[in-house]
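Take a look at the structure below.
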Amino acid sequence: MSARELSKDPLNVIIAGVGGQGNVLMSFLIGSALVRSGYFVTVFDNYGASQRLGAVASHIKISREGANASPLLHEGDADVIVGMEPIELLRNLIRFGNPEVIAIVNTRPVYPIGVISGEVDYPELNKAIETIRRLSAQSWIMNATEEALRLGNPIYANVILLGALLGSNTLPLDKETMEGVLKEELPKVFDTNMVALHRGMDLVRETMNK
Amino acid sequence: MMDNASKELYEEVIESGLCTLCGGCTGFCPYFVIHEGRIVRLHQCKITGGQCYQYCPRTPTDMNAISRHIFGIPYGEYEIGIAKEVFLARSTDPEIHQKAQDGGVVTSLLSVALTEGMIDGAVETKLDDEKVPHGFIARNREELLECARVSYEPSPVLEAINHLPKENSEKFGFVGLPCHVASLSKMKVSPPTNRANIENVKLAIGLFCGWTLSHGFHQFLQERFNLSKAIKFDIPHHPAHSFDVYTKSETQSVDLDEITPFINKACSYCIDMTAEFADISVGSGRTMFKGWNTVIIRTKAGAEMLEVAKSRRAIETQPIPAESLKNLKRASLSKKKRSLQNIISMTGGVDDLLYLGISQNLISKLLE
Amino acid sequence: MSNIEIDAPGTTQLLLGNEAIARGALEAGIGFATAYPGTPSSEIMATLAPIAKKMGIYAEWSINEMVAFEAASAASLSNIRALSSMKANGVNVITDFLVNLQMTGIKKGLVLVVCDDPGGMTSSNEQDTRPIAKWLNIPLLEPSTAQECKDMTKWAFELSEELGMVCMVRSVTYLSHTRGNVRFGRLPEETKKAHFADFYDIDDPQQSKYTCGMQFHPYKQSEVLLKRFSKAQGHCEGSPFNSYNGPNTPDLIIFTSGICWTYATEAVKILNLQDRVGIVKLGTTWPLPEEFVTRHLERSNKVLFIEEISPLVEQSVMELAASLPADRPRPTFYGKRSGHVRAWGEQDLNLVIQSIATVMGTSYRSRQSSNAEYQSTLKEVAKTLPARPLTFCPGCAHRASFWAIKIALQLDGRNGFVTGDIGCTAMGMISPGSFQVRTYYAMGGGVGIANGFGHLNQFGFSQPVIAVCGDSTFFHASIPGLINGVWNKSNFTLTILDNSATAMTGFQPHPGTGITATGETGKKVSIEAICRSLGVSVQVCDPFDLTDTVNTLLKVMRNEGNATVVILRRECELVRARRERKKPYKMYVDSSRCIGEECGCNRICTRVFSCPGLVWDRDAGKAVIDEAVCEGCGLCAEVCPQGAILKEAL
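What follows is the structure, encoded as structure tokens:
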């Protein structure tokens, strides 16, 4: 199995989103693919209480050396952050971001209950995107949800982002291994997932930012 | 004061014991409800400048402004308010007479108004199966008759009109106690913005009122009488000293002394016995004229209604004897004086008269 | 997802710590597994139950941890290896039985798996259960990685059998819910035969080994227990789960265990202190492997304890150090006592880096903090981000229940209040539940404390008390409290929010659902029947029928001097949605009728009622339904005072 080299060891990835967007599954798929490629992987899904609309972030540490990794990243230690929701990407940038971080963002907002009930403001989206650009070394901004709706279900946004992650070449993951995992774990929706995966990879090519 | 709303209303009026349960704050609002004779706040409302505070008859009320709006002159020293005409009257309709409290004048007037298309409905009080009063819009004769009798408990009449949305363009008659009429008048002076146009209330009929009886009284009634059989309540005038409960077959009585402990304390701060801001005020004919009503016509609208009713022969009238009128005026003035004294006792001085916005002159006159 | 039942030694899978524990139990050849749902332990049984039949195991969600553990011990006494898993609070509940069981001993391996929650992310407190092992003489094993979760669980059964004692494997959230590489071992092949050898023998009658009676005094049994436990040390001394990593004579020795070992290891690497700091990993935390510890204590005169919550290792090692010969140099100890390690909350890499850096006299700048401008920008951004607090799901019956309870208590007007309990109902404490829950402690605590409040009338107490619990909680712990209230005539109303689900922990079945852990049809137990059998007033309402619910509550609150029951029954929305796959109503807002911020509304639907499906559109000044989130339950239509929220049956 061909495996690219790790750009650093450990390589730290965060997949952030809102409960119900499927990022736990996504990080499991990434982790499984990496284990198959011979890496030691530590994946921690960090959620307060697992609930729809709660903030969720999965921390993935990838290493060649061994499984001694602590589950949660420490301050400023993220190498890649994938945000399935813009505020969650910002939230994780604040704790784990640094000037070299790479960001991949889905621009579709999911409003917290405070915003929904009119008590607090949701930050202005364009400003938030601009901030993400400014606070990362390289960023890919996309409306993955819109793309996913074209495929028939907003949940495909996570596979599109997975494709984007693949296409960004930041992880030592190859497409074949990822496809193999997708086929095994989600056989019923394999074909649509493939379309989504490739769409994500294309989007990265299309929206090279820096 | 412009910023006052539910919190201030609750503290200044309800917790202070001034609330007469007129229903002016409930109805349109999901935050206040009436339950078992009390105003209950269900949730916290954060609005500043609320209509609940604005239209409550027991928040600061500029009597002069209201009087100017309705009569064109400031609030004066008239014992029974502005009175174009005062006379006795009763319904000519035997059915109305039979089902009414005294003379059936209110029901007759409204019945004519409905028939003539002057109004689409009458905002009244209706008793439910447990004889608890609620605001109700009567839209035909049968419904008017159902509302024909008095309950001595406070009725949230204003709820019936307060809940109507802006789109409602029906014309209404209105029957209420002086506090209901006062709230209605405050609405006429500064009309509510997001509910039914208050000018649609074409005719306000006020009932004479000395006091109402609290929820404890309702429980007393439930214990002493079979309320489901009751068809009428009455407190006959002097020299009687009783509270009467009529069923189809008989009349039961309790001594008035058993009832007086239930008098609503809030009523002791009210200076308006005859509903001075109504178009027409109606009271009982008192002992001498049992089966008749005392009627006061105050405004042009009231006078017009009287004309129509007379022309349809719906009511018959007779002059009020001088002695009766004198007694009425004396009773009304006496309530004003007593209530003013009660207010001053509560606040500690004439500088703070709670809700009462009247002229210094009038204060001095009443304190003589 | 994970496939832990495969018989393929040498394969590697990415497993959750909890899944690895389950795999370890399989590799140990267990025949019996019991549990009660409790985050972060629930995945252990959730992994075992679906494959139990296939693997020839009996697996059960028990009604509470007490029965779970008791049942597991039966298997152990009958020659079947057994596992019982629970969260920290569950151990509190089994302690009485555990004390006595440990005194009398067990036969085949019995392993108690405890998953603690430092930081209390999903618990009412952040209890560290480890000291109980020291208190009750239970060998305590703390895995540090997913691989160790498997390996140590397997070994725990062997150790348990060697000693004839219950052994405890202790995990935490950050281990149970972390996935790591796990290399599988082999699955044993053996037929299991259950037999309780200690039955009454007519030819040789004697008191059972498993009782602690008057003939065989408990204090004598204590002596036996201590002797038995002393053998544990020997087994732990050479354990491969205890290790040292570092230079021969480091400037600093770190003693650590469990997940903290990963923090310490990584922190030392990040600080680049591998040449100066050595790390002692304890896998067998209790009994302390004294020779092993003493050996490493001698390496340095500076010792730092990296440990979460309870200073168990810190105190045990210091105790040991104090007992060493007087001529031994006394190291300087750093830890909770000295204030170098926080005594509350979970540890994390940031904190551990700080602790080590402070003791070593170095400083650390992260990739973030070394760039002041970057970090200050982050601080500014942080101020603008809205939080994502908990709420009831759209369509949740509890939203309706607490709404009705609030209205009933306000109408009643006697300053009544709700005593709460554990589960989704606990969110009655916060805004979505209208802040109604005013006391909240432990399973069954709601009805328990209500018993007391209900007997204070002789001191002038006149506030109505509503004890709230869920259906699962009712079975778990509230029944004795209810019976006590009925029997002693306490004045409260037990309101059971029956949504036919143990929802908070992930929809495990319970007696009210009639399905067992392995998906079979058990016997359905009726909450209503249990309550009615007590001869007290039992009302059943649909919380979505707000008027009926409010009126019922008002009526029973006047029922002085008697415990009463109100069951608010409506299926959990997530369960219903999953099954029916369609919404009951299409909801929409007639914006011409919506008066929003104006007097007469003040956004009661979004601001007070607050459902995620109802959105306040600030620009339009109107409420709007978010179709992607709305479950179509129709309740908000009743809340709108203008009738602006409309529903269309689908």
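Protein chains in written order, with my numbering: chain A, 1 to 210; chain B, 211 to 578; chain C, 579 to 1228.
Idealized CB from N, CA, C, for every residue including glycine.
On a predicted model such as this, the values are computed, not experimentally measured, just so you know.
- Membership of Asn993 of chain C in any alpha helix (DSSP H) is not indicated, and neither H nor E is assigned to it by DSSP.
- Taking the beta carbon of Val1186 of chain C as reference, the chain B residues within 8 Å of it are His253, Gln254, listed in sequence order.
- In this structure His795 of chain C is exposed. Its beta-carbon is surrounded by fewer than 16 other beta-carbon atoms within 10 angstroms.
- Scanning chain C for C-beta atoms nearer than 7 Å to the C-beta of Phe238 of chain B yields Gly1178, reported in chain order.
- By the criterion of a C-beta distance shorter than 8 Å, Leu804 of chain C is surrounded in its chain by Asn715, once the five residues flanking it on both sides are discounted.
- Of the other Cβ atoms in all chains shown, fewer than 16 fall within 10 Å of the Cβ of Val560 of chain B; this residue is therefore exposed.
- For the 8 Å CB-CB criterion, Ser216 of chain B and Cys266 of chain B do not form a contact.
- At a Cβ-Cβ threshold of 8 Å, Leu298 of chain B and Gly512 of chain B do not count as neighbours.
- Annotation for Lys575 of chain B: the continuous alpha helix (DSSP H) segment containing it runs 570 to 577.
- In this structure, the CA atom of Pro865 of chain C is about 6 Å from the CA atom of Pro717 of chain C.
- Looking at the DSSP output, Arg757 of chain C bridges to A:Val43, C:Leu594.
- The three-state reading of DSSP puts Asp1049 of chain C in helix, counting H, G and I together.
- With contacts defined as CB atoms closer than 8 Å, Tyr912 of chain C and Ser70 of chain A fail to qualify as a contacting pair.
- Closest by C-alpha distance to Glu218 of chain B, out of B:Cys232, B:Pro270, B:Glu246, B:Gly237, is B:Pro270.
- Listed along the chain, the chain C residues whose CB falls inside 8 Å of the CB of Gln570 of chain B amount to none; the nearest CB is some 33 Å away.
- Per DSSP, reduced to three states, the secondary structure at Cys727 of chain C is helical.
- Across the set C:Pro615, C:Met633, C:Ala986, the C-alpha of C:Pro615 shows the shortest separation from the C-alpha of Glu643 of chain C.
- Nearest to Gly856 of chain C by alpha-carbon distance, out of C:Glu876, C:Phe1031, C:Glu583, is C:Glu876.
- The beta carbons of Val315 of chain B and Asn503 of chain B sit closer together than 8 Å.
- Within chain B, not a single residue places a beta-carbon under 9 Å from that of Pro618 of chain C; the smallest gap is close to 36 Å.
- When 9 Å is used as the limit between beta carbons, Asp999 of chain C is near no residue of chain A, the shortest such separation being about 16 Å.
- Here Gly345 of chain B is bridged, per DSSP, to B:Thr335.
- The three-state reading of DSSP puts Thr910 of chain C in strand, counting E and B together.
- Distance check between Thr461 of chain B and each of B:Lys398, B:Ala275, B:Asn436 places B:Asn436 closest, using alpha-carbon atoms only.
- With contacts defined as CB atoms closer than 8 Å, Glu75 of chain A and Asn928 of chain C qualify as a contacting pair.
- In the same chain as Asn759 of chain C, and ignoring 5 residues on each side of it, the C-beta atoms closer than 6 Å to its own belong to Thr590, in chain order.
- Annotated as distal: Ser821 of chain C and Leu882 of chain C, with beta-carbon spacing of 8 Å or more.
- In this structure, Ile141 of chain A sits near Ile129 of chain A, with a CB-CB distance shorter than 8 Å.
- Remark: C-beta atoms of Asp706 of chain C and Pro696 of chain C approach each other more closely than 8 Å.
- Under the 8 Å criterion on CB atoms, Asn404 of chain B is classed as interfacial with respect to chain C.
- Bridge pairing for Cys693 of chain C: C:Lys665, C:Ser749 [DSSP].
- Three or more Cβ pairs closer than 8 Å define a contact, and the region 331 to 344 of chain B meets that threshold against the region 423 to 437 of chain B.
- In its chain, beyond the 5 residues on either side, Leu563, Leu564 have a beta carbon closer than 8 Å to the beta carbon of Thr557 of chain B.
- For Pro172 of chain A, not one C-beta of chain C is nearer than 8 Å to its own C-beta.
- Taking 8 Å as the Cβ-Cβ cut-off, the region 101 to 132 of chain A approaches chain C at Tyr111, Pro112, Ile113, Gly114, Val115, Ile116, Ser117, Gly118, Glu119, Val120, Asp121, Tyr122, Pro123, Thr131, given in chain order.
- Scanning chain A for C-beta atoms nearer than 8 Å to the C-beta of Tyr1018 of chain C yields nothing, as the closest lies near 15 Å away.
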